[in-house]
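In order, the protein sequence lines correspond to chains A and B.
Residues in the first sequence are numbered from 1 upward in steps of one, following the UniProt record's numbering.
Residues in the second sequence are numbered from 1 upward in steps of one, following the UniProt record's numbering.
From the three backbone atoms N, C-alpha and C, an ideal C-beta is built for every residue, glycine too.
To start, the structure itself, in structure tokens.
There are 2 protein chains.
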Amino acid sequence: MKKLIGEPANVVRDALVGIELSDDRVRVDHQHRVIYRATPKDEGKVALVSGGGSGHEPMHGGFVGAGMLDAACAGEMFTSPTPDQMEAATNEVDRGAGVLHIVKNYTGDVMNFEMAAELADASGVKTESIVIDDDVAVQDSLYTAGRRGVGTTVLLEKIVGAAAEEGRDLAAVVELAKRVNGNGRSMGMALTSCTVPAAGKPTFDLPDGEMEIGIGIHGEPGRRRAPLAPASEIAEMLVDPVLDDLDMTGAPTIVMLNGMGATPLIELYLMYGEVAALLEKAGVTIARNLVGNYITSLDMAGCSLTVLRADDDVLGLWDAPVNTAGMRWGV
Amino acid sequence: MKKLIGEPANVVRDALVGIELSDDRVRVDHQHRVIYRATPKDEGKVALVSGGGSGHEPMHGGFVGAGMLDAACAGEMFTSPTPDQMEAATNEVDRGAGVLHIVKNYTGDVMNFEMAAELADASGVKTESIVIDDDVAVQDSLYTAGRRGVGTTVLLEKIVGAAAEEGRDLAAVVELAKRVNGNGRSMGMALTSCTVPAAGKPTFDLPDGEMEIGIGIHGEPGRRRAPLAPASEIAEMLVDPVLDDLDMTGAPTIVMLNGMGATPLIELYLMYGEVAALLEKAGVTIARNLVGNYITSLDMAGCSLTVLRADDDVLGLWDAPVNTAGMRWGV
């Protein structure tokens, strides 16, 4: 295992030190491992709390800041944060307008956010939650009943973050979150496994000459193994299942071509070219795009495609100013 | 070799297609392989042209846009662009105020940019050049007489880009570029080799349990091989040579902790924490920082540190608005 780390057991703790030192938009509660905005918004704004296992950076801590999240709970590597982390975050960010929990559909995350919601409720904080399940690869998976939550999470945190920032109330924010989740679809693939520091060896075995189509963001098995193929064929293996699952024509879309952590940007641009050509051929209108590392799987090489069927409201929220380490424009 | 590509010989061509499709701030001249701003500035602005071998994305094409470069010439992988690419770019972007060539110190780049300057001169376009040589690792190297040009290039393109944008003349822009180069120092390290697509195998051999300290951005040998070490010790191996080479105390600094292409962000944040602690201990004031992938070496795992001794002028230019794929704020 070759990594820029200290003690494998302390990677999350140590990385939070660097996140806080590098980003003056946030502060870190190191006891609870929660990343907060350094300058919280005034009363009356719906607050957004997300979180999940670490190892997917910049998600979620890199999306804390004006126009996106109010707090992100950092779990251990690929492990859900605990309910007490989520409860602390929820109580801290509530400004009287309620708190939305943004949860990716993994059994541990869902259970722990539910428990945190009950605890917050007992302290008089109103919470709602959105469970994201956009991965078309498989119906059930290693850590999930139902579809996994992946790339749509990134787009949702931006779009719903903008809605909360402009003052929409909790009901409106929840409705929007459901709409975004309902209209987003993702499919990923891996060229290599990732290595969890504490494990010290690759999570799964992926021989030379093979790739995994439909990979999960923790290395969960996808749909199938396939021989390595040119980028144009890989693009088809991502685009087709997404479009088979939801009609993306007749509306503007937001497309994310995401790197899994160890994929060089030149390959992501090349893949974006292939994907965009296929989408155009299928009659899909790409109104906005993101190319880069947004929801990663440690040092996995590979990529994922997310397509979100949008509308004018969603595009306007997408374009609204955002000021986070992972996504920034308009400020 | 596991990569998201088509024909290995066509990676640069194919990636430029994706860059153009994804980024409406730029247009691409595919014949000359030059990336231009989609909306050029008016007459009277000093124009900035950079370029170099591909494989270092987002540098340089991802730095074309308002507040940074006017054009970037994309060479073949790890290979200098040709003089005719540079000449085409220089003539295209000149607005009557002259053109600055931003050149990293590699023999091919320096020679080709000199030739392009002569050609442009013959067409009546005034050019100046800055050759960046900030890598403290080694005096001469595989493709370089003198020090190699690395991370300071990224900071310089931002700072000098802002100066040109605010209307400084060619002499002032050249003076600033020299000042930035003179005050910037870098040192890099690799955990793994990179693989050039056309070669199909790792550029060098780096066994399990070893790392290369002082690596070049094309995999050129550094100062030494060392056994794998914890992040805190690696941080010392980067910080010490930089501070030994230039006193960074008594002035604000800009610090970049850069990933080599296949390093997950969580490791870069962790390393930044270690580096920042060492710099603080040494009495260095970090006024601004960048953590992420800015000057990469294909799929190499590792990182580099750049420290720039700044002043109020430089910090003001750093903070000025910039709108590129690789760096964006204020717009």
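Where the region 247–277 of chain B meets chain A: residues whose CB sits under 7 Å from a CB there: Of all residues in the region 247–277 of chain B, only Gly261, Ala262, Thr263, Pro264, Leu265, Ile266, Glu267, Tyr269, Leu270, Met271, Tyr272, Gly273 and Ala276 come within less than 7 Å of chain A when Cβ atoms are compared, listed by chain position.
Contact set between A:Arg328 and chain B, taken where Cβ atoms lie within less than 9 Å: Stepping through the first sequence from its first residue, residue 328 of chain A is reached at position 328. In chain order: Arg328 and Trp329.
Identity of the residue in A:Val307, A:Leu268, A:Val291 and A:Trp329 nearest B:Gly6 by Cα: Numbered from its first residue, the second sequence carries residue 6 of chain B at position 6. Of A:Val307, A:Leu268, A:Val291 and A:Trp329, the residue nearest in Cα terms is A:Leu268.
Partners in chain B for A:Cys303, counting only beta-carbon separations shorter than 9 Å: In the first sequence, counting from the first residue as 1, residue 303 of chain A sits at position 303. A:Cys303 reaches chain B at Leu4, counting residues in chain order whose Cβ is nearer than 9 Å.
Backbone CA spacing between B:Pro227 and B:Leu100 [nearest angstrom]: As a position in the second sequence, residue 227 of chain B is number 227, starting the count at 1. As a position in the second sequence, residue 100 of chain B is number 100, starting the count at 1. One C-alpha to the other measures close to 42 Å.
Where B:Pro252 falls: helix, strand or coil (DSSP): Residue 252 of chain B sits at position 252 when you count from the first residue of the second sequence. B:Pro252: strand per DSSP, three-state reduction.
Candidates B:Gly302, B:Leu265, B:Glu233 and B:Val314, of which the one nearest A:Gly292 by Cα: Start at 1 with the first residue of the first sequence, and residue 292 of chain A comes out as number 292. Among B:Gly302, B:Leu265, B:Glu233 and B:Val314, the Cα nearest to that of A:Gly292 is on B:Leu265.
Cutoff 7 Å; reference A:Ala122; Cβ partners in own chain excluding five residues on either side: Position 122 of the first sequence holds residue 122 of chain A. Answer for A:Ala122: no residue qualifies.
Three-state secondary structure assigned by DSSP to A:Ser50: Walking along the first sequence from the start, residue 50 of chain A turns up at place 50. Strand, per DSSP.
Collapsed DSSP secondary structure at A:Pro227 in the structure displayed: In the first sequence, the residue the question calls residue 227 of chain A occupies position 227. Collapsing the DSSP output to three states places A:Pro227 in a strand.
Cβ-based contacts, 7 Å cut-off: residues of the region 196–229 of chain B near chain A: The region 196–229 of chain B vs chain A, Cβ under 7 Å: Leu228.
CB contact below 8 Å: A:Ile159 versus chain B: Here residue 159 of chain A refers to the residue found at position 159 when the first sequence is read from its first residue. Not an interface residue.
Three-state secondary structure (DSSP) of B:Gly184: In the second sequence, the residue the question calls residue 184 of chain B occupies position 184. Under the three-state reduction of DSSP, B:Gly184 is assigned to strand.
Cα-Cα separation, B:Glu236 to B:Met189: Position 236 of the second sequence, counting from 1, holds the residue named residue 236 of chain B. Position 189 of the second sequence, counting from 1, holds the residue named residue 189 of chain B. Cα-Cα distance, rounded: 12 Å.
Pair within 8 Å by beta-carbon distance, A:Ala277 and A:Ile286: Working through the first sequence from its first residue, we reach residue 277 of chain A at position 277. Working through the first sequence from its first residue, we reach residue 286 of chain A at position 286. No, these two residues do not count as a Cβ contact at 8 Å.
Residue of B:Ala251, B:Ala301, B:Leu257 and B:Asp299 minimising C-alpha distance to B:Ala282: The residue given as residue 282 of chain B occupies position 282 in the second sequence. Of the listed residues, the one whose Cα sits closest to B:Ala282 is B:Ala251.
Residue from A:Gly108, A:Asp311 and A:Ala231 whose Cα sits closest to the Cα of B:Asn10: Residue mapping note: residue 10 of chain B aligns to position 10 of the second sequence, counting from 1. When only C-alpha atoms are compared, the closest one is A:Ala231.
Status (buried if at least 16 other CB within 10 Å, exposed otherwise) for A:Glu20: The residue labelled residue 20 of chain A in the question sits at position 20 within the first sequence. By the neighbour-count rule (16 or more Cβ atoms within 10 Å), A:Glu20 is buried.
DSSP-derived helix/strand/coil call for B:Glu114: Locating residue 114 of chain B in the second sequence gives position 114, counting from the first residue. DSSP places B:Glu114 in helix when its eight states are reduced to three.
Alpha helix (DSSP H) segments (min. 4 residues) lying fully within the region 3–31 of chain B: Fully enclosed alpha helix (DSSP H) runs of 4 or longer: 11–22.
Closer than 8 Å to chain B by CB, A:Leu298: Reading the first sequence from its first residue, position 298 is the one you call residue 298 of chain A. For A:Leu298, the answer is yes, since a Cβ of chain B falls inside 8 Å of its Cβ.
Classification of A:Gly182 by the beta-carbon crowding that lies within 10 angstroms, buried from 16 upward: Counted from its first residue, the first sequence places residue 182 of chain A at position 182. With fewer than 16 other Cβ atoms within 10 Å, it is exposed.
Cα-Cα separation between B:Gly18 and B:Asp208, rounded to whole angstroms: Along the second sequence, one-based indexing puts residue 18 of chain B at 18. Along the second sequence, one-based indexing puts residue 208 of chain B at 208. Each residue's alpha carbon lies about 35 Å from the other.
Boundaries (first-last residue) of the beta strand (DSSP E) holding B:Val291: One-based indexing of the second sequence puts residue 291 of chain B at position 291. First-last of the beta strand (DSSP E) with B:Val291: Thr285 to Gly292.
Counterpart residues of B:Arg95 in DSSP-defined beta bridges: Along the second sequence, one-based indexing puts residue 95 of chain B at 95. None, per the DSSP bridge assignment.
Same chain, Cβ closer than 6 Å to B:Asp311, five either side skipped, listed in chain order: Here residue 311 of chain B is taken as the residue at index 311 of the second sequence, counted from 1. Excluding residues within five positions, none has a Cβ falling inside 6 Å.
Chain B within 8 Å of A:Asn289, Cβ atoms only: If you number the first sequence from 1, residue 289 of chain A lands on position 289. Judged by the 8 Å Cβ criterion, A:Asn289 is in contact with chain B.
Segment limits, beta strand (DSSP E) that includes B:Gly76: Here the question's residue 76 of chain B lines up with position 76 in the second sequence. Before going further, note that residue 76 of chain B is Glu rather than Gly in the sequence given. From DSSP, the beta strand (DSSP E) with B:Glu76 extends over Ala71 to Met77.
Proximal residues to B:Met1 (C-beta, below 6 Å), its chain only, five neighbours per side dropped: Here residue 1 of chain B refers to the residue found at position 1 of the second sequence. Hits under 6 Å: Thr195 and Gly200.
Per-residue burial, A:Ala171 [other beta carbons within 10 Å of its own, 16 or more giving buried]: The residue you call residue 171 of chain A lines up with position 171 of the first sequence. Residue environment analysis places A:Ala171 among the exposed positions, since fewer than 16 neighbouring C-beta atoms fall within 10 angstroms of its C-beta.
Secondary structure of B:Met86, DSSP reduced to three states: Here residue 86 of chain B refers to the residue found at position 86 of the second sequence. The three-state secondary structure of B:Met86, taken from DSSP, is helix.
Nearest-angstrom Cα separation, counted from B:Asn105 out to B:Arg185: In the second sequence, counting from the first residue as 1, residue 185 of chain B sits at position 185. In the second sequence, counting from the first residue as 1, residue 105 of chain B sits at position 105. If I take the Cα positions, the gap works out to 14 Å.
Among B:Gly216, B:Ser54 and B:Leu48, nearest to A:Leu270 - alpha-carbon criterion: Here residue 270 of chain A refers to the residue found at position 270 when the first sequence is read from its first residue. Nearest of B:Gly216, B:Ser54 and B:Leu48 to A:Leu270, Cα basis: B:Ser54.
Element boundaries [alpha helix (DSSP H), containing B:Met260]: The residue you call residue 260 of chain B lines up with position 260 of the second sequence. For B:Met260, there is no enclosing alpha helix (DSSP H), as DSSP marks it with neither H nor E.
Nearest candidate by alpha-carbon position, reference B:Ala116, set B:Tyr36, B:Gly216, B:Thr90 and B:Thr144: Position 116 of the second sequence, counted from the start, is the residue given in the question as residue 116 of chain B. Of the candidates B:Tyr36, B:Gly216, B:Thr90 and B:Thr144, the one whose C-alpha sits nearest the C-alpha of B:Ala116 is B:Thr90.
Contact list for A:Val46 against chain B, beta-carbon separation under 8 Å: Along the first sequence, one-based indexing puts residue 46 of chain A at 46. Listed along the chain, the chain B residues whose CB falls inside 8 Å of the CB of A:Val46 amount to none; the nearest CB is some 26 Å away.
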